[in-house]
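Here is the structure we will look at, set down as structure tokens.
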Amino acid sequence: MNDDFNIINSSKYLFLTDIYEPFENCLQLEVTIPYVSDEVKTIINNIDFGQLGEIKYNEISPRYKIIFDNYISYSVINESYDIGESDKFLFEGRLFKVFQESDFLEYLSCVTYATPLNNYHLKHYQLVTLNHIVNIASINQPLIEKIN
Numbered sequence: 009m010n011d012d013f014n015i016i017n018s019s020k021y022l023f024l025t026d027i028y029e030p031f032e033n034c035l036q037l038e039v040t041i042p043y044v045s046d047e048v049k050t051i052i053n054n055i056d057f058g059q060l061g062e063i064k065y066n067e068i069s070p071r072y073k074i075i076f077d078n079y080i081s082y083s084v085i086n087e088s089y090d091i092g093e094s095d096k097f098l099f100e101g102r103l104f105k106v107f108q109e110s111d112f113l114e115y116l117s118c119v120t121y122a123t124p125l126n127n128y129h130l131k132h133y134q135l136v137t138l139n140h141i142v143n144i145a146s147i148n149q150p151l152i153e154k155i156n
């Protein structure tokens with residue numbers, strides 16, 4: 009992968025700010041690296057949470073476009089409901105993980121013919137953002153471009 013992959017992985021947080029298919033079987037994701045605002049005293053329902061900053065982004069926040077040309081499958085999960093991958097699988101990355109083997113790939117081997125037995129060498133890419141978990145299975149590495 010490239011330097012942009014490393015920048016995304018070294019970020020503390022990410023937001024998924026766009027996801028669509030610009031053309032058939034091509035997935036494009038946009039992620040934004042947010043910042044933490046100045047801390048303010050926060051009281052909710054008479055409970056004092058102390059000094060907290062809001063995680064947010066604006067028009068000058070770093071944005072990246074991630075393009076998967078000819079993906080096999082993808083899924084989007086509300087991060088509040090994600091149980092994560094099992095500990096038995098190794099991966100590289102932190103917020104943009106790459107798996108050679110995973111529960112997601114095992115699932116796909118049951119419901120598609122894109123398996124190693126058919127000479128498909130899939131990788132599972134997982135993008136972990138503040139509100140979404142995006143799982144993508146692809147034979148090809150994604151193209152990552154900085155937008156701003």
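Going by this note's numbering, the final residue of the sequence shown carries number 156, and the count climbs one at a time with no gaps. Think of the CB as a built atom: it goes at the ideal place given N, C-alpha and C, for glycine as much as any other residue. Nothing here was measured: the structure is a model prediction, and the numbers come from that model.
Counted as a single uninterrupted DSSP element, the alpha helix (DSSP H) harbouring N14 occupies residues 11 to 18.
In the three-state scheme derived from DSSP, where H, G and I count as helix and E and B as strand, Y89 is classed as helix. Residue range 111 to 119 is occupied by the alpha helix (DSSP H) that includes L113. Taking the Cβ atoms as the reference, N17 lies roughly 5 Å from G101, within the contact range of under 8 Å. By the criterion of a C-beta distance shorter than 6 Å, C34 is surrounded in its chain by D77, once the five residues flanking it on both sides are discounted. The C-beta distance from T50 to R71 rounds to 28 Å, too long to fall under 8 Å, and the pair is not in contact. Taking the Cβ atoms as the reference, I144 lies roughly 6 Å from Y79, within the contact range of under 8 Å. In the structure shown, D46 adopts coil according to DSSP, grouped into three states. Of the other Cβ atoms in all chains shown, 16 or more fall within 10 Å of the Cβ of Q134; this residue is therefore buried. Going by C-alpha positions, V44 is about 11 Å away from N66. Cβ-Cβ separation between F107 and F97: approximately 6 Å, consistent with a contact (criterion under 8 Å). Sorting F13, D12, E38, F31 by C-alpha distance to the C-alpha of H140 places E38 at the top. Rounded to the nearest angstrom, the gap between the Cα atoms of T123 and G58 is 51 Å.
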